[in-house]
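*Asks:*
Take a look at the structure:
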């Protein structure tokens, strides 16, 4: 399955004095979505890093449509979009409790060997996930 959803409740520390989520706090919300997307596929990001593979963001585009507010339960939608020899791309969206679209984003990440900091091919278990996703299209 290319799509995954997870939820997070807005904490007070993530908002300004008006109870509106600070724009920089959406990036961690999207990270939660991507990490949980991987976990849903049986991949622990922690284990991947322990085996020497990192997955830094090389490009992101965020479109803010409406503000999230303190104590709202947000649903983060993470959708696998594509992959190449070293990259993976996701489309993401955040909705509030009344299913209003608040924010959309695209992220491109690159598999990197942590020892060298150089791009590397994804591990075999990630390639198996890609193959499975490609077959289900």
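In the working numbering, the protein residues as written are 12 to 148. Here a beta-carbon is modelled for each residue, glycine too, at the ideal position from N, C-alpha and C. Fair warning: this is a prediction, and the values are worked out from it, not measured in the lab.
What are the uninterrupted segments assigned as alpha helix (DSSP H) that are 4 or more residues long and contained completely in the region 26-51, given in chain order?
*Replies:* Within the region 26-51, the complete alpha helix (DSSP H) runs of at least 4 residues are 37-51.
*Asks:* Under three-state DSSP, which class holds residue 106?
*Replies:* Position 95 of the chain shown, counting from 1, holds the residue named residue 106. Strand, per DSSP.
*Asks:* Quick one: what does DSSP say residue 75 is sitting in, helix, strand or coil?
*Replies:* Within the chain shown, numbered from 1, the residue matching residue 75 stands at position 64. Strand at residue 75.
*Asks:* Contact defined as beta carbons within less than 8 Å: I believe residue 126 pairs with residue 44. What is the distance between those atoms, to the nearest angstrom?
*Replies:* As a position in the chain shown, residue 126 is number 115, starting the count at 1. As a position in the chain shown, residue 44 is number 33, starting the count at 1. Rounded, the Cβ-Cβ distance is 28 Å, inconsistent with contact.
*Asks:* Of all the options 18, 29, 135 and 141, which has the alpha carbon lying nearest to the alpha carbon of residue 81?
*Replies:* As a first step, residue 81 is located in the chain shown; it is residue number 70 there, counting from the start. Closest by alpha carbon: 29.
*Asks:* Taking all protein chains shown into account, do 16 or more other C-beta atoms lie within 10 angstroms of the C-beta of residue 85, making it buried, or fewer, making it exposed?
*Replies:* Indexing the chain shown from 1 puts residue 85 at position 74. It is buried - the Cβ of residue 85 has at least 16 other Cβ atoms within 10 Å.
*Asks:* If you draw a straight line from the alpha carbon of residue 55 to that of residue 48, how long is it in whole angstroms?
*Replies:* Residue 55 sits at position 44 when you count from the first residue of the chain shown. Residue 48 sits at position 37 when you count from the first residue of the chain shown. When rounded, the distance between both Cα atoms is 10 Å.
*Asks:* Three or more C-beta pairs closer than 8 Å, one from the region 67-77 and one from the region 113-120: is that the case here?
*Replies:* Touching, per the Cβ criterion.
*Asks:* So residue 105 and residue 37 are in contact, right, with Cβ under 8 Å, and what is the actual spacing, rounded?
*Replies:* In the chain shown, counting from the first residue as 1, residue 105 sits at position 94. In the chain shown, counting from the first residue as 1, residue 37 sits at position 26. Right, the Cβ-Cβ distance comes to about 7 Å (below 8 Å), so this counts as a contact.
*Asks:* For residue 123 and residue 39, what's the separation of their Cα atoms in angstroms?
*Replies:* Locating residue 123 in the chain shown gives position 112, where the first residue counts as 1. Locating residue 39 in the chain shown gives position 28, where the first residue counts as 1. In a straight line, the C-alpha of residue 123 is about 20 Å away from that of residue 39.
*Asks:* Count the other CB atoms, across all protein chains shown, that sit within 10 Å of the CB of residue 112; report buried if there are 16 or more and exposed otherwise.
*Replies:* For this step, residue 112 is matched to residue 101 along the chain shown. It is exposed - the Cβ of residue 112 has fewer than 16 other Cβ atoms within 10 Å.
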